[in-house]
Amino acid sequence: MINISHEARVIMNPGTNNDSWWNIELLVQQIIDHVIPIFEATHPRVVAIFAFDNSTSHGAFSSDTLIANRMNVKPGGKQSKMKNTVFNGNVQYMNYPDNFPDESLHGKPKGMRQILHEHQLLKPGLKGFCKNKDSTDNQCCMQHILKN
Numbered sequence: 027m028i029n030i031s032h033e034a035r036v037i038m039n040p041g042t043n044n045d046s047w048w049n050i051e052l053l054v055q056q057i058i059d060h061v062i063p064i065f066e067a068t069h070p071r072v073v074a075i076f077a078f079d080n081s082t083s084h085g086a087f088s089s090d091t092l093i094a095n096r097m098n099v100k101p102g103g104k105q106s107k108m109k110n111t112v113f114n115g116n117v118q119y120m121n122y123p124d125n126f127p128d129e130s131l132h133g134k135p136k137g138m139r140q141i142l143h144e145h146q147l148l149k150p151g152l153k154g155f156c157k158n159k160d161s162t163d164n165q166c167c168m169q170h171i172l173k174n
């Protein structure tokens with residue numbers, strides 16, 4: 027017999043020295059570990075549809091989603107590996123290949139500078155980020171070029 031919890035709620039004490047902050051990964055884990063097993067035990071042979079509305083989970087993205095705000099100027103660092111994309115009909119590789127001449131970069135995210143360089147969009151003196159988050163000048167910094 028499978029032991030199923032009778033409660034789907036998760037009690038947290040978020041903060042710097044306590045539990046982590048609630049995020050999409052924790053929401054998905056709660057659904058997998060608690061909600062679905064309870065539903066399946068109480069509603070055999072029924073398919074559930076879970077809908078989340080007015081939730082901060084709407085703003086959640088996969089860790090490999092192409093989001094300029096998550097990129098570093100330089101390769102590697104804390105930025106996650108992003109999935110490849112297509113730009114002007116060509117595949118844009120977002121991470122260095124494992125056979126790249128500089129072994130220290132194997133598999134690391136390229137960073138904004140390299141991506142812009144590959145597309146001849148890197149201008150001398152271009153900064154990685156600017157102070158104007160809602161800039162209408164889509165050429166003001168690396169981040170805004172990539173966002174646009």
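Every number in my numbering is 26 more than the matching position in the sequence shown, counting from 1. Even glycine gets a Cβ: it sits at the ideal position worked out from N, Cα and C. None of these values were measured; they are calculated from a predicted model.
Residue i to residue j span [Cα, whole Å]
{"i": "Gly-154", "j": "Cys-166", "result": "9 Å"}
{"i": "Phe-65", "j": "Val-54", "result": "15 Å"}
{"i": "Arg-71", "j": "Arg-35", "result": "24 Å"}
{"i": "His-132", "j": "His-69", "result": "49 Å"}
{"i": "Trp-47", "j": "Gln-56", "result": "14 Å"}
{"i": "Leu-172", "j": "Asn-95", "result": "9 Å"}
{"i": "Ser-130", "j": "Lys-109", "result": "20 Å"}
{"i": "His-32", "j": "Ile-58", "result": "14 Å"}
{"i": "Asn-164", "j": "Asn-174", "result": "6 Å"}
{"i": "Val-61", "j": "Val-73", "result": "13 Å"}
{"i": "Asp-90", "j": "Lys-134", "result": "13 Å"}
{"i": "Ala-67", "j": "Ser-88", "result": "30 Å"}
{"i": "Ile-93", "j": "Asn-116", "result": "19 Å"}
{"i": "Ile-75", "j": "His-143", "result": "45 Å"}
{"i": "Gln-24", "j": "Leu-52", "result": "Coverage of the chain is limited to positions 27 through 174, which leaves residue 24 absent and any answer about it impossible."}
{"i": "Leu-152", "j": "Phe-78", "result": "41 Å"}
{"i": "Lys-107", "j": "Gly-41", "result": "27 Å"}
Cβ neighbours of residue i in the same chain (closer than 8 Å, five flanking residues each side left out)
{"i": "Asp-45", "result": "Met-38, Asn-39"}
{"i": "Phe-113", "result": "His-145"}
{"i": "Ile-137", "result": "Before going on, a small fix: residue 137 reads as Gly here, not Ile. Cβ within range, chain order: Met-97, Asn-98, Val-99, Lys-100, Pro-101, Gly-102, Gly-103, Gln-105."}
{"i": "Cys-156", "result": "Cys-166, Cys-167, Gln-169, His-170"}
{"i": "Met-120", "result": "Leu-92, Lys-107, Met-108, Lys-109, Asn-110, Thr-111, Pro-135, Lys-136, Ile-141"}
{"i": "Phe-126", "result": "His-132"}
Proximity test, Cβ basis, 7 Å: residue i and chain E
{"i": "Leu-172", "result": "Absent from the structure: chain E. Only one protein chain is present."}
Bridge partner(s) assigned by DSSP for residue i
{"i": "Asn-116", "result": "Phe-113"}
{"i": "Pro-127", "result": "In the DSSP output, where bridge partners are listed per residue, Pro-127 has none listed."}
{"i": "Asp-45", "result": "Pro-40"}
{"i": "Pro-135", "result": "Asn-121"}
Neighbourhood of residue i by C-beta distance below 6 Å, restricted to the same chain and skipping five residues each side
{"i": "Asn-43", "result": "none"}
{"i": "Leu-148", "result": "Leu-142"}
- Quick one: which unbroken alpha helix (DSSP H) runs of 4-plus residues sit fully inside the region 48-105? Chain order, please. 50-56, 62-68
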